Amino acid sequence: MSTVLATATTAKSGSTVTATVNGIVTTIEVARDLPVASGDVLLVERVGAQWYAYARVYAAAPAALDPVVEPPPPPKPAVTTGTLVVSPVETRSYRPTYGWRDDNTDVYQGEYGGWGNHTGAAFYGTKPRSLAGATVTRATIRVKRLTAGAYAAQSTTLRLVTQATRPGGAPTLTSSTSGPSLAVGGSTTFTVPASWAQAMVDGTAGGLAVYDSDGSPYVRFAGRGSWSPAFTLTITWQRG
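For the record, in the sequence shown the residue sitting at position 110 is 110 according to full-length UniProt numbering, with numbers rising by one throughout.
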């Protein structure tokens, strides 16, 4: 008898298995309680012309699994940017006793000659809402100062207005910041808080105003009727 190693080429079937012994494929008798799978290495003995397997030295290596390929991450959403130019649908000034001025469309701050403290306003309608879902990154307005009050540059207070169109009574003023300061005849592009323009895009605000509760200084800015770029709002935005 001789004992050698054999490699099963098939699984056990009945009491036999096909295996390679010394490079020769042959049929081997397998012990009743010995399971054999293809690829197992067996300890076999030859008795006469017949080979017998009586032990499994080690099992076949498990079949290699296909590597797990992680799906690529979804592409980042494309970032789009743009600029929306919004002309006010109306510019006008309001005084508590007299209501809205109808003699011109200019935007006044302050009081002159006892005629009431002005709230000068610009209303932007629904156009800013066309950017719903976008993020405002910058916002500016165009302003020009007309003759009224002291000639030198005067401070103004800019206010955010809730209404998008002129109400019957006083406009509703909310947030406040320093406004443009110009000498008579001067004009500028003035940066307004991006959050204010965002509020217009989101529909929670609709306009801008100049107003000082003390009624001073008295300042007159051009409205749409006297200067076409007056209070034009330029919104820079992005999506994604």
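Glycine is no exception: its CB is placed at the ideal position from the N, C-alpha and C atoms.
For clarity, every value in this text was computed on a predicted model and none was experimentally measured.
Inset, instruction - List in chain order: all unbroken beta strand (DSSP E) runs of 3+ residues lying wholly within the region 93-141. - result: For the region 93-141, the continuous beta strand (DSSP E) assignments of 3+ residues that do not extend past its boundaries occur at 107-110 and 118-123, in sequence order.
Inset, instruction - In angstroms with no decimal places, state the Cα-to-Cα distance between L43 and V68. - result: 36 Å
Legend entry - Beta-carbon proximity check, T7 vs T18, cutoff 8 Å: No, the pair does not count as a contact, with Cβ atoms beyond the cut-off.
Legend entry - Cutoff 6 Å; reference L160; Cβ partners in own chain excluding five residues on either side: Cβ within range, chain order: T174, S175, W196 and A205.
Inset, instruction - Round the Cβ separation of Q222 and D106 to the nearest angstrom and send it over; I've been treating them as touching at under 8 Å. - result: According to the sequence as given, residue 222 is Ala; it is not Gln. Their Cβ separation, rounded to whole angstroms, is 6 Å, which keeps A222 and D106 in contact under 8 Å.
Legend entry - For P74 and A153, the rounded distance between their alpha carbons: 55 Å
Inset, instruction - Have a look at G186 and P77 and give me their C-alpha separation to the nearest angstrom. - result: 43 Å
Inset, instruction - Within 10 angstroms of the Cβ of P128, are there 16 or more other Cβ atoms? Answer buried if so, exposed if not. - result: The Cβ neighbour count for P128, taken over all protein chains shown within 10 Å, is at least 16; the residue is labelled buried.
Inset, instruction - Please name the residue in T26, Y58 and R220 whose C-alpha comes closest to that of V36. - result: Y58
Legend entry - Buried or exposed (CB count within 10 angstroms, at least 16 for buried), P171: buried
Inset, instruction - Would you tell me roughly how many angstroms separate the C-alpha atoms of I141 and T165, rounded to the nearest one? - result: 17 Å
Inset, instruction - Name the two residues that bound the continuous beta strand (DSSP E) containing A53. - result: Q50 to Y58
Legend entry - Where V25 falls, given that 16 or more other Cβ within 10 Å makes a residue buried: V25 comes out exposed.
Inset, instruction - In the DSSP assignment, find the alpha helix (DSSP H) that holds S195 and state where it starts and stops. - result: In the DSSP assignment, S195 falls within the unbroken alpha helix (DSSP H) covering A194 to D202.
Inset, instruction - Check the C-beta distance from G114 over to R95 and give it rounded, since I have them as a contact under 8 Å. - result: Not really, about 11 Å apart at Cβ, beyond 8 Å.
Inset, instruction - In the DSSP assignment, find the unbroken beta strand (DSSP E) run with V17 in it and report its ends. - result: T16 to V21
Legend entry - Any beta strand (DSSP E) of 3 or more consecutive residues that is wholly inside the region 64-88: 80-86
Inset, instruction - Quickly, what does DSSP pair F190 with across the bridge? List them, please. - result: I141
Inset, instruction - Tell me whether T177 sits in a helix, a strand or coil according to DSSP, three-state version. - result: strand
Legend entry - Local conformation of L34 per DSSP, three classes: coil
Inset, instruction - Would you grab the beta carbon distance between L208 and A122 for me? Rounded to a whole angstrom, and I think it's under 8 Å. - result: In this structure L208 is in contact with A122, their Cβ atoms being roughly 5 Å apart against a cut-off of 8 Å.
Inset, instruction - Please list, in chain order, all residues of the same chain as residue 242 whose beta carbon is under 6 Å from its beta carbon, the five residues on each side excluded. - result: Here the chain covers residues 1 to 240 and nothing more, so residue 242 does not appear.
Legend entry - Paired residues, beta bridge with F231 - DSSP: Partner(s): none; F231 has no beta bridge.
Inset, instruction - Count the other CB atoms, across all protein chains shown, that sit within 10 Å of the CB of D212; report buried if there are 16 or more and exposed otherwise. - result: buried
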